[in-house]
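Protein chains in written order, with UniProt numbering: chain A, 1 to 349; chain B, 1 to 525; chain C, 1 to 312. In what follows, a single structure is set out as structure tokens and then discussed.
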Amino acid sequence: MIAFLTKRLMHAILVMLVISVIAFAIQDNLGDPIQQMVGQSVPESEREALRERLGLNDPFHVQYLRFAGNAIQGDFGYSYFYREPALDVIARHLPATLELVFGATLIIVLLSVPIGVYSAIKPRSPLSRFFMGASIVGISVPVFLTAIVLIQIFAIGMKVTLFPESTAWGSWLNATLSTEGGMPSFGRGQDLVHVVGYWDSNLFSAGGLQHLVLPSIALASIMLPLFIRLIRAEMLEVLQSEYVKFARAKGISSWRIYFVHALKNTMLPVITVGGVQIGTMVAYTILTETVFQWPGMGLMFLDAINRADIPLIVAYLMIVGVIFVVTNTIVDLIYGLVNPTVKLTGKPA
Amino acid sequence: MTFNKTLLASLVGATMTGAALLPMTANAETLRIGYSADPETLDIHEQLSGGMLRFSHLSFDPLVRWTKDFQFEPRLATSWEQVDDTTLRMTLRDDVTFHSGNTFTAEDVVWTIERLKESPDYKAIFEPIASAEAIDDTTVEITTHEPYPILLNLATYIFPMDSEFYSGTTADGDDKAEIVKSGNSFASRNVSGTGPFIVTERRQGVRVDFERFDDYWDTESPGNVDNIVLTPISENASRVAALLSGGVDFIDHVPPNDLERVREADGVNLVEIPGTRIIGFQLNEERIEAFQDPRVRLAVAYAINQEGIAQRLMRGFATPAAQFSPKGYSGHNPELTPRYDVDRALELMAEAGYEDGFEVNMIAPNNRYVNDAQIAQAVANMLARINIDVNLRTMPLAQYWPEYDTRQSDIAMIGWHADTEDSANFFQYLSACINEETGAGQYNYGSYCNEELDALVATADTETDPEKRQEMLREAERMLYEDAGYIPLHWQNLAYAARDGVDAEPILNALDFPYLGDLVIEDAN
Amino acid sequence: MTTQVSTTTRWARFRDSYLLYSFKRTWSAQLCLAIFLCLVLAAFMAPWLAPTNPYDLRQIDILDSELPPFWIEGAVEHYTLGTDAQGRDLLSIILYGTRVSLVIGFGAVILQAILGVTFGLLAGYLGGRVDAILMRLADIQLSFSTLMVAIVVGAVVKATLGSSFYSQYAVLMLILIIGLAEWPQYARTVRASVLAEKSKEYVDAARVMGLGSRRIMFRHVLPNTLSPVFVISTVQIANAIISEAALSFLGLGMPETHPSLGSLIKSGFDYIQSGSWWITLIPGAVLVVLVLVINLLGDWLRDVMNPRLYKG
């Protein structure tokens, strides 16, 4: 166990080191931060003085070592744009992203388990076929397109005139398919409830929740089909196994077999994949947040790239790196706890 | 500690947010503003930017300020007279106090001018001023090196600071007056001005709270706003959504794509104002020989459909331009109008011997001006018609300026707002022959050079008779137009929107600095 | 064994194969293949099919911008699907855009496959330290999402080569970025099948015969690991097309002058609030159909070939 954790820690440090060097190496060509900080008519000599003062003229390794030394002490420097410690800026944007991920995860869990189990139990039923068909469509629609379509339908509204308005059924169909719009599709709204520290929440007010709905659905859409298919596949496998057959022979009710015995064993690989996927979901938030202008870390990152806000870019990459490494480690640990046959040693599998 | 609650309040206030904070107390009028940017700092001399100037008009007062039609309105200075060619004497109000309680005197004006001359962002603009002297408590004399006709334009930038408040050293031993770029100076955290609003709380990038200054000198002002909450909402669509959903009362920079939506929405009003920022292109004569031929430059000018861009891409949100100076500026020449004519352009190309055209590359920013990338692409399409094949690259602002500075492309887009609100400024930065020493033509990407034109502008710049000066500048605009030394597209409009009851129109101007001290809110909801 | 000289022709073997047998009996697979081929053909025939050449800037008039498609009032006849904000014919630009997306998708997958198969073979066959290093690398990269890696790789490429070089060779750059971001998928799959193949008798036999490891790897082991590679390739093409669209949507991919489907969707998104939905949603629909048929084909292939895929 300790060996495993040490190994993991080394792994994490290696990852962070690689990220920091890469992030640092790309900084020069991301743009000139000085341009952002001074007025248009400021002469070059003043710019040069500022550049010198900020240490932007030092050789690469000097700048990197200075950065790394500070980073170890939790100091990622000041964001050029926000004029605040980069970590503070990230901390302020983090709750928005986490709430979005939380909303999406909730949708995924609530939908994928029942649908996945159902389509495993009744693989040939029309409903299961529909779910499987829908899930492959879901995989094929990129997350930003889902988001745009959601905005068009629920926020802007859609007036359908496809069917002949003169006939009763036509006008009925048109009216049924048309949508009013009006759902909020931009930002977090004004009804935020302050919880603690940097955490202002969308979760505790009607207005806040309304703003969370469309972005969460969009973000969930990318993972939901994967999970449905995964749960179905695992469940099918489990249902073929000897012990389920045995349980059936013993006369245990099918409901109990499905939801107590089979589901428990299904969830193991699902949790593994799920943990890793929730880590990658943080990356998909970049797309979702861009479309919905959700003021979370993803949007902040993209803005930072456009503004050449180097300390913020580097800090973001490091933080996301930490999130990935931590989720992966936790997943491995859970896997080890739930399934004792997996040995938590450092040996490559 | 009567007024300087900034620090403490920001600690307390760090935990609050949004509209939830604002219980509507009985008669107090609160204005909730959603601006595209908040002031970068509280030190008004640290950075020259729109956001900072807006803030200056909230917590400070200028000596004089612009009216809607570009006249001067007395503020802290009540009258002024030219003593001789280089000296301006200004009489100041005697009933003004700073937020700190100190009395405003001529010494504060002198102190402020000296500080402006130290500021990296302002020193270039204030270079013409040689010195300032306090004659008595309410009289100040400003002397320039040369006769300087637009000294009053500069006076709109002089927001007297509380010299007593900003003098001395902090507990850490730092000079309270020092200007530190992106640093943590005393002045960047503490304010004492004469303006209508006191900063009560500030979180960079989150919100700034203001409270009306009880002892504000301008008792004539109709303004009835007691509190202001300024929230920066940098994303265009979010800002519009915040207004439409009632989250804020007043927003700036409504994007062209949302104008229709805001115009038609119930309960909000759109206020559109022709702006003064010229958007246009510069042709690099150093790299493309053809651009040294005035006929080719004219062909480019003839090939561009300014009206089409203003109507389609900008949705009427721009005034098509054929010169630098917008209406209201002294140099604006009403005779110069856009001249879209592809046939004429082709003729000119043929005359110059370029009927087969040539290939160029073009750069433009994609997040600086309204619809900048789309405009650049449209211009590229238009130039294709006269056989100039454009290879367009667009990039974010942070990459654009370094790229622009290298002058390694053939055509570049630039928008320019004259900091002095004066026509000569355009010429000095954008079209003057490049001179490294004087800094002339610092943004003359194309290395266009017309010494006759430069001489005319130089003469105008020392001409103190406004009539004669205006004539010269108009002539300068005509010369540039005929020589096509700069390819203007349009002046980008400004659009604000406010909810019903917030009477924004009277306090807005083409300068993009709303005079919120005079804002009237009619209802009490 | 595939290594033996066969008396039957390849075509005959294909004709008798289960693959073809199944294909003939699965109407959905036939339909998908038909749609896919139509799209590919249309895209590559774009210069002949498209009513206008959207790369020829002379034909574009700003006054024709934002015209709606034919079934909506205000449409202009020769712009069947309407125009975009620049006044480009939407049908033409979509055809050209699909071609760009396909080229990048296929290109990236070929690169992924080359890298992944090589590394997978090396790791699986040589084992030991090579295996450990390569798989650790794959682990690290897989623990980030493709998009994240692509953004970072993109930034590095842009930084080292300069943004002007980048936009000039945007297609190649995107192939490179997406190719580099997804090779571990192949490497893991190939490594798993190599490990399974390695213990088989024919490998031992080849080794006893004194054949070198390179020869054994590429001539004997590789052909037997190809069916899973083939299967994941379809899914990978779909993924690569989506990744490219996502990068372009973020403004980090194809420039709007040479748009892919993703950059078309992005440029249209600015206009969706003002009611011009077609600029973004029609290219969006084409993208979805393209990716969907590839995914459905991939699904069918997996069911038919049932290879040992790396799970989890």
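From the three backbone atoms N, C-alpha and C, an ideal C-beta is built for every residue, glycine too. Computed from a predicted model, the values in this text were never measured in an experiment.
Note on the segment 297 to 363 of chain B: whole alpha helix (DSSP H) runs with a minimum of 4 residues are 342 to 351, in chain order. Neighbours of C/Q273 in chain A, taken as residues at a C-beta separation under 8 Å, are given in chain order as I156. Counted as a single uninterrupted DSSP element, the alpha helix (DSSP H) harbouring C/I241 occupies residues L226 to F249.
In the DSSP annotation of this structure, the continuous segment of the beta strand (DSSP E) that includes B/G34 starts and ends at T30 to Y35.
For A/S201, the enclosing beta strand (DSSP E) starts and ends at W199 to S201.
Under the Cβ distance rule, B/I309 counts among the residues neighbouring chain C, one pair being separated by less than 8 Å. Among the residues facing chain A, C/F249 is included, as its CB has a counterpart in that chain under 8 Å away. In the DSSP assignment, A/V137 falls outside any beta strand (DSSP E) and lies within the alpha helix (DSSP H) extending over P126 to S140. Shown here for B/T420: same chain residues with a beta carbon closer than 8 Å to its own, the five before and five after excluded, namely I125, I150, N153 and L154 in chain order. Sequence-ordered contacts of the segment 134 to 149 of chain A with chain C read I136, V137, I139, S140, V141, P142, V143, F144, L145, I148 and V149 [C-beta pairs closer than 8 Å]. B/E73 is bridged by DSSP to B/R65.
Along the segment 40 to 65 of chain C, going in chain order, the ones with a CB nearer than 7 Å to a CB of chain B are L57, R58, I60, I62, L63 and S65.
Three or more pairs of CB atoms, one per stretch, sit closer than 8 Å, so the segment 43 to 62 of chain B contacts the segment 172 to 184 of chain B. Listed in chain order, the non-local C-beta contacts of B/A106 below 8 Å within the same chain comprise L92, A134, I135, D136, D137, T138, T139 and V140, local neighbours out to five positions each way being set aside. For the segment 209 to 296 of chain B, the continuous alpha helix (DSSP H) assignments of 4+ residues that do not extend past its boundaries occur at 236 to 244 and 259 to 264, in sequence order.
The C-beta of A/Y316 comes no closer than 8 Å to any C-beta of chain B. Residue-level contact by beta carbon holds for C/I242 and chain A, with a gap shorter than 8 Å. Taking 8 Å as the threshold, the shortest C-beta distance from B/S238 to chain A falls below it. Beyond the five residues adjoining it in sequence on each side, B/I288 comes within less than 8 Å, by CB distance, of F358, V360 and D410 in the same chain, given in chain order. The C-beta distance from C/F249 to C/I265 rounds to 6 Å, short enough to fall under 8 Å. For A/H61, there is no enclosing beta strand (DSSP E); the enclosing alpha helix (DSSP H) covers residues F60 to I72. Membership of C/L176 in the alpha helix (DSSP H) is indicated by the continuous run A170 to K198. Between B/A132 and B/H145, the C-beta spacing is not below 8 Å. Spanning the alpha carbons of C/L33 and A/F259 requires a straight line of approximately 39 Å. In this structure, the CA atom of C/K24 is about 20 Å from the CA atom of C/L292. In summary, no residue of the segment 109 to 128 of chain C has a CB separated from any CB of chain A by less than 9 Å. Residues of chain A whose Cβ lies closer than 7 Å to the Cβ of C/G284 are, in chain order, L145 and I148. CA-CA distance, C/T189 to A/A308, rounds to 38 Å. Going by C-alpha positions, B/E471 is about 11 Å away from B/R478. Interface with chain C (8 Å Cβ-Cβ cutoff): B/N381 is included.
Taking 8 Å as the cut-off, the Cβ atoms of B/D372 and B/N366 count as close. Excluding its 5 nearest sequence neighbours in each direction, A/L110 has no C-beta neighbour in its own chain below 7 Å. With 16 or more neighbouring CB atoms inside 10 Å of its own CB, B/T200 falls in the buried class. The beta carbon of B/R385 is closer than 7 Å to those of A303 and V342 in its chain, skipping five residues each way along the sequence. In the DSSP annotation of this structure, the continuous segment of the beta strand (DSSP E) that includes B/F197 starts and ends at F197 to R203. Spatial neighbours of B/T103 in its own chain (CB-CB distance under 8 Å, excluding positions within 5 residues in sequence) are listed in chain order as V96 and T97.
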